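Visitor: This structure is in structure tokens; I'll ask about it shortly.
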Amino acid sequence: MGLRILDRYILREMAGPFAIGLVVYSFFFLINLLFQLAGLVIQQGLSASASGVLFLLSLPNLLAYTIPVALLVGTIIAYGRLSADSEIVAMRAGGLRGAAFLRAPLLFGTALFALLLAFNLWLIPACRAQSDRIQTESAQALNLVRLLKPGAFFDRVPGVLLYARSADVGAGRYEGVFVFNRTGPSVDILTLADYGRVVRSPESGTLTFLLEKGETIQFNRKTPGKVQVATFEEQALTVEAAPDTAKSQRKSLTELSTRELLGRLRLPQGNAGAQEAERIRNGLSYELHRRLATAFAALIFVLVGVPLGMVNLRGGKGAGFSLSLIVLLVYWILLSALADLAVAGKVRPDVAAWFPDALLLFAGLLFLARKDRMAEPLWMRPFLLLFPSREPSPTGPSARGKFRLGAGLKILDRYLLGQMLRYALLIGLSVLLLDWIIEIRGLSEFLSGADKGKVLIKYLLARSPEVLTLLAPLAVLMTVLVTFGILERTNELTALKASGISLFRLCLPALALGAAAGFLTWGFQEAVVPAASRKALNLRDKLKNYTARNVASTMDVWLFAPDRGALFHYNHYDARSKSFQGFSVYGLDPDRFRIRSRTFLKRSSFSEKTSLQYIKGWRWDREAKPAFEDLAPGRLDVKLPLDYFVLPPQREGRYFSSSELRRLIRRLEERGFPADQQRMDYYKKFSEGSAPLVLLLAGLPFAFLAGRRGSLYGIAIALLLVVGFYTLSAVFNSVGVMAWLDPALAAWAPAFLFACAGGFLLLNLRT
1 MGLRILDRYI LREMAGPFAI GLVVYSFFFL INLLFQLAGL VIQQGLSASA
51 SGVLFLLSLP NLLAYTIPVA LLVGTIIAYG RLSADSEIVA MRAGGLRGAA
101 FLRAPLLFGT ALFALLLAFN LWLIPACRAQ SDRIQTESAQ ALNLVRLLKP
151 GAFFDRVPGV LLYARSADVG AGRYEGVFVF NRTGPSVDIL TLADYGRVVR
201 SPESGTLTFL LEKGETIQFN RKTPGKVQVA TFEEQALTVE AAPDTAKSQR
251 KSLTELSTRE LLGRLRLPQG NAGAQEAERI RNGLSYELHR RLATAFAALI
301 FVLVGVPLGM VNLRGGKGAG FSLSLIVLLV YWILLSALAD LAVAGKVRPD
351 VAAWFPDALL LFAGLLFLAR KDRMAEPLWM RPFLLLFPSR EPSPTGPSAR
401 GKFRLGAGLK ILDRYLLGQM LRYALLIGLS VLLLDWIIEI RGLSEFLSGA
451 DKGKVLIKYL LARSPEVLTL LAPLAVLMTV LVTFGILERT NELTALKASG
501 ISLFRLCLPA LALGAAAGFL TWGFQEAVVP AASRKALNLR DKLKNYTARN
551 VASTMDVWLF APDRGALFHY NHYDARSKSF QGFSVYGLDP DRFRIRSRTF
601 LKRSSFSEKT SLQYIKGWRW DREAKPAFED LAPGRLDVKL PLDYFVLPPQ
651 REGRYFSSSE LRRLIRRLEE RGFPADQQRM DYYKKFSEGS APLVLLLAGL
701 PFAFLAGRRG SLYGIAIALL LVVGFYTLSA VFNSVGVMAW LDPALAAWAP
751 AFLFACAGGF LLLNLRT
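Residue numbers for the sequence shown, in our numbering: 1 to 767.
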């Protein structure tokens, strides 16, 4: 039997908001993915087909999060529209009651429940395994000709460090080659050559360095007096590209297939203690029930969304969209809070996984039972103050005597800016809530106890400035398109044009809003975001129980002296005691690229501005007699201060202002570190400030072409434009990092292209 007319009508009403909600929520997950894929294609030579496969493999996991949310959005907005236009009242007057209103959304929810069940139980684990395989193969096929930059260390091959003073990229030939290969915990092999090429075997994954006119020096720290030196005219140095040991070989619970989960639940945890075995079993059981419960949430959200949508909310679609975010936030907080309790054995795993569903089911049934008597609930009213209903403007002396925001502006500008600022506040809060939901979901396995809850709140607040600046272009564009879409539907644009006001004149307040948003974005990136992002990073590490973020910047560090006359290396730097372990100074021959001497200090610290105090060490000098000697406790003058050897643990542009980033670039280049990414980040700090205005130029023509299609059409256009803009930005970012294009040009290219396209469309618009 086919669907009834009413069911088809309700499904059509739900389809538009559901699709828009799905795209909106998915967009936030896609931003980082776009930049990662662009980097893999351009920097590592990943084929376009492989990148497309990776993109498709990431979709099931993404959709498992966004489909239930989009269903809730679609249900609330669809029934909110029916209620606002009194269609619900008409249907009730025609004799329709509860089951008739629930049949279509429950049918839609059941179909999505089946889809999500297939995703959670089978498709997502399989896609993750395939994605890991492709990325592993990509890492094994690194294109060193692309990645090895002259004048900068390259450490992407585990166990090997590469450096070249200059390069002929076209011929794949390098000059002044330095290769460090550690074959054991105490054996250091350093090879320096005048020329060299790199060849990778696709079958075995080994690297072969074809070197000309050089020498190899081998140091053994267990017997430091025995230094082996060998010269060569030609040498083929083969290095096994060991797998990346940083990545754990053990799968996390979310990466296990359902069959593996069931198999591990049946097997005894023989190697673990009783308490640890119980934790493992609880974790496996909870993960299995979570996959079922989150799929079933699609049906629960329908039961909650129908009565909430039928309440005649004054805020319309905007209030419905944000209300769905609040419901979702409560759901994920409950699910995250109970996860750790389940693993610890304080709550049964099945109860912890199903309790949020049960709570929302109870609330949905309660709302359904009272839907005929529901007005705006008391708990909604403070939230709905953000969405006041339209009322006639007061007249008379009392109204004229009140102070109004923007009193120096014309009435039209005040009206348009007032509408835009109201929607900007709504969209900004929605964006922030959505980011919080995503972060809470990602950190769910680390949340336990009241202390972690307080840290989570501080982390979300510290992260908020960066989120708002990142998504300001989307928020501003959606604000303007939604505002003009509503004005078109209410015939206000028609009235303005009939009174002789040009569309260009109507664009001025919107462009002013875009320029102001761009200026605020740049100001926040300079004054607020760097400190807030560093604080957020530390709080995130605290949530994840990381003891030190700066391990990568204080372990096994190589750097050159400013004049390239010496090469420094240390095994570890202890920031608390300000001491080095395994500090080496390699003296370089000024005439040829060769090692002349090595001084090794087992443990040392700066006692004066440029002097290292040490207790034990040794020195090897090929020109001295004898060549090797043990060093008595004393001091070594390295002619450089402590700050030269210790770099900041975070080197991403978002943690620095433009002036700080400029200084960091100089420090990195001086020491022989690659600074292409930092240079790109520096220019992007300025170009990103223009993004709100540029996207407005590109989007304004569509605001007037939308006709009466409504605010959802404006949101769809905004998302398509922003996705295109960020995709182009990701491509040019990778091109700039690879130095194929000047970083300044690469940073400004997306803004320039969108501004030209938007300006052309706007100037050709019928006004």
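Cβ atoms here follow ideal geometry from the backbone N, Cα and C, with glycine treated the same way.
Remember, predicted model here, so these are calculated numbers, not experimental data.
Less than 8 Å separating the beta-carbons of Arg596 and Arg622?
Guide: Their beta carbons are under 8 Å apart, which means Arg596 touches Arg622 by this criterion.
Visitor: Could you give the DSSP three-state label for Trp122: helix, strand or coil?
Guide: Reduced to three states, the DSSP call for Trp122 is helix.
Visitor: Taking just the CA atoms, how far does Lys497 sit from Leu503?
Guide: Distance between the alpha carbons of Leu503 and Lys497: 7 Å.
Visitor: With a threshold of 8 Å, are at least 3 pairs of Cβ atoms found where one atom belongs to the region 7-17 and the other to the region 72-81?
Guide: They touch, by the three-pair rule.
Visitor: Could you give the first and the last residue of the continuous beta strand (DSSP E) run that contains Tyr655?
Guide: No beta strand (DSSP E) holds Tyr655; DSSP gives it neither H nor E.
Visitor: So what's Trp740 in DSSP terms, helix, strand or just coil?
Guide: Trp740 falls in the coil class under three-state DSSP.
Visitor: Over the uninterrupted beta strand (DSSP E) stretch that includes Ser605, give me the two end residues.
Guide: Per DSSP, Ser605 belongs to the beta strand (DSSP E) from Ile595 to Phe606.
Visitor: Among Ser186, Leu720, Ala236 and Ile437, which one has its Cα closest to the Cα of Leu328?
Guide: Closest option to Leu328, Cα to Cα, is Ile437.
Visitor: Comparing alpha-carbon positions, which option in Pro125, Lys458, Leu161 and Arg97 lies nearest Thr258?
Guide: The shortest Cα separation from Thr258 among Pro125, Lys458, Leu161 and Arg97 belongs to Pro125.
Visitor: Can you find at least 3 beta carbon pairs, one from the region 521-532 and one from the region 739-748, that sit closer than 8 Å?
Guide: Because the criterion of three Cβ pairs below 8 Å is not met, the region 521-532 and the region 739-748 do not touch.
Visitor: In angstroms, rounded to a whole number, what distance separates the CA positions of Leu487 and Ala536?
Guide: Using only the alpha carbons, I get a separation of about 40 Å.
Visitor: Thinking just about the alpha-carbon of each residue, which of Thr191, Ala38 and Lys226 is nearest to the one in Phe55?
Guide: Out of Thr191, Ala38 and Lys226, Ala38 has the C-alpha closest to the C-alpha of Phe55.
Visitor: Cα separation between Leu559 and Ser58?
Guide: Spanning the two alpha carbons is a distance of roughly 38 Å.
Visitor: May I have the straight-line CA-CA distance separating Leu719 from Arg651, to the nearest angstrom?
Guide: Looking at the two C-alpha atoms, the distance is approximately 30 Å.
Visitor: What is the DSSP secondary structure of Asp413, reduced to helix, strand or coil?
Guide: Reduced to three states, the DSSP call for Asp413 is helix.
Visitor: Taking the Cβ atom as the reference point for each residue, do Leu368 and Pro307 lie within a distance shorter than 8 Å?
Guide: Cβ distance < 8 Å, so Leu368 and Pro307 count as in contact.
Visitor: Should Gly94 be labelled buried (16 or more other beta-carbon atoms within 10 Å of its own) or exposed?
Guide: The residue is exposed, with fewer than 16 neighbouring Cβ atoms inside 10 Å.
Visitor: With the cut-off set at 8 Å, would you say Arg588 and Arg564 are in Cβ contact?
Guide: First, the residue type needs correcting, since residue 588 is Leu and not Arg in the sequence shown. The answer is yes: Cβ separation under 8 Å.
Visitor: Identify whether Lys213 lies in helix, strand or coil by the three-state DSSP scheme.
Guide: Three-state DSSP puts Lys213 in a strand.
Visitor: Could you check whether Thr231 and Glu215 sit closer than 8 Å to each other, using their CB atoms as the reference points?
Guide: The answer is yes: Cβ separation under 8 Å.
Visitor: Does the beta-carbon of Ile217 have 16 or more other beta-carbons within 10 angstroms, so that it is buried, or is it exposed?
Guide: Classification of Ile217: buried, given that the 10 Å Cβ count is 16 or more.
Visitor: Within 10 angstroms of the Cβ of Thr469, are there 16 or more other Cβ atoms? Answer buried if so, exposed if not.
Guide: Buried, by the Cβ-count rule.
Visitor: On a Cα-Cα basis, can you pick out the residue from Val343, Val351, Leu506 and Phe673 that is closest to Arg281?
Guide: Of Val343, Val351, Leu506 and Phe673, the residue nearest in Cα terms is Val343.
Visitor: Using only the alpha-carbon positions, how far apart do Val638 and Lys684 sit?
Guide: The alpha-carbon atoms of Val638 and Lys684 are separated by roughly 37 Å.
Visitor: Thinking C-alpha only, which one of Leu506, Leu365, Leu461 and Val476 is nearest Gly305?
Guide: Considering only alpha carbons, the answer is Leu365.
Visitor: I'd like the list of long-range same chain contacts for Met1, defined as Cβ closer than 6 Å, with 5 residues on each side in sequence excluded.
Guide: A caution first: Met1 carries a pLDDT of 46, below 50, which makes its placement in the model unreliable, though a value can still be read off. The answer is none, since no qualifying residue turns up.
Visitor: Candidates Ser499, Cys507, Glu466 and Leu425: which alpha carbon is nearest Leu769's?
Guide: The question about residue 769 has no answer here: the residues shown for the chain are numbered 1 through 767.
Visitor: Determine the closest residue to Phe656 out of Val646, Gln678 and Glu669, with distance taken between C-alpha atoms.
Guide: For the residues Val646, Gln678 and Glu669, the minimum Cα distance to Phe656 belongs to Gln678.
Visitor: With DSSP collapsed to three states, give me the class of Ser502.
Guide: Residue state, collapsed to three classes: coil.
Visitor: May I ask you to report which of helix, strand or coil DSSP gives Gly418?
Guide: Looking at Gly418 - three-state DSSP - the assignment turns out to be helix.
Visitor: DSSP on Asn769, reduced to helix/strand/coil?
Guide: The structure shown does not extend to residue 769, since the chain is modelled only from 1 through 767, so no value can be given for it.
Visitor: Taking Cβ to Cβ, would you say Ser26 is nearer than 8 Å to Leu40?
Guide: No. Outside cutoff.
Visitor: Under a three-way DSSP split, which group does Asn491 fall into?
Guide: Three-state DSSP puts Asn491 in coil, outside helix and strand.
Visitor: Starting from the C-beta of Glu670, find all residues in its chain whose C-beta is less than 6 Å away, skip the five residues before and the five after it, and write them out in chain order.
Guide: So the list reads Pro562, once near-sequence residues are dropped.
Visitor: For Ser579, report the span of its alpha helix (DSSP H) as first-last.
Guide: Per DSSP, Ser579 belongs to no alpha helix (DSSP H); it is in the beta strand (DSSP E), Ser579 to Leu588.
Visitor: Using the three-state DSSP reduction, which class does Val768 fall into: helix, strand or coil?
Guide: Absent from the model: residue 768. The displayed extent of the chain is 1 to 767, so no value can be given.
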